[in-house]
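See below for the structure under consideration.
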Amino acid sequence: MRVEYDYDTCIGMFQCVAEWDAFERDEDAGKAVLADSEEHGEDVFVREVPDDAELDAKFAARSCPVDAITIYDDDGEQLIP
Ligand code: SF4
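Under UniProt numbering, the first residue of the sequence shown carries the number 1, and numbering increases by one thereafter.
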């Protein structure tokens, strides 16, 4: 499972931070930060989701009010949103 985080779209509501600890607060920027991610394209951050964090990652994606977090399965199919 893979997560993609659109930094530009994020409006800093921090619901995701409460759901998955890979998302951290950057209060100064008013944005979440996705730990251990790589930037793919402009302001898009990507990383693998460990097996034991899949539920948390899905909850984080569902909690985002602006759909800045997208979850893909191992076949590249979009699961959330
Ligand atoms: S829930 Fe969405 S808008 Fe809020 S901090 Fe996380 S990514 Fe940004």
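Ideal Cβ positions, reconstructed from N, Cα and C, are used throughout, including at glycine.
Outcome for residue i when other beta-carbon atoms lying within 10 angstroms are tallied against a minimum of 16
{"i": "residue 107", "result": "Only positions 1 to 81 of the chain appear in this structure, which leaves residue 107 out of reach."}
{"i": "residue 57", "result": "buried"}
{"i": "residue 66", "result": "exposed"}
For residue i, the residue or residues it bridges with in DSSP
{"i": "residue 70", "result": "4"}
{"i": "residue 32", "result": "25"}
{"i": "residue 47", "result": "3"}
{"i": "residue 11", "result": "Looking at the DSSP assignment, residue 11 forms no beta bridge with any residue, so it has no partner."}
{"i": "residue 39", "result": "45"}
Residue i, enclosing alpha helix (DSSP H) - first and last residue
{"i": "residue 63", "result": "54–63"}
Expected contact under 8 Å - CB spacing of residue i and residue j to nearest Å
{"i": "residue 23", "j": "residue 60", "result": "6 Å"}
is_contact[residue i, chain D] using C-beta, thresh 9 Å
{"i": "residue 21", "result": "Of the chains in the structure shown, none is chain D; there is only one protein chain."}
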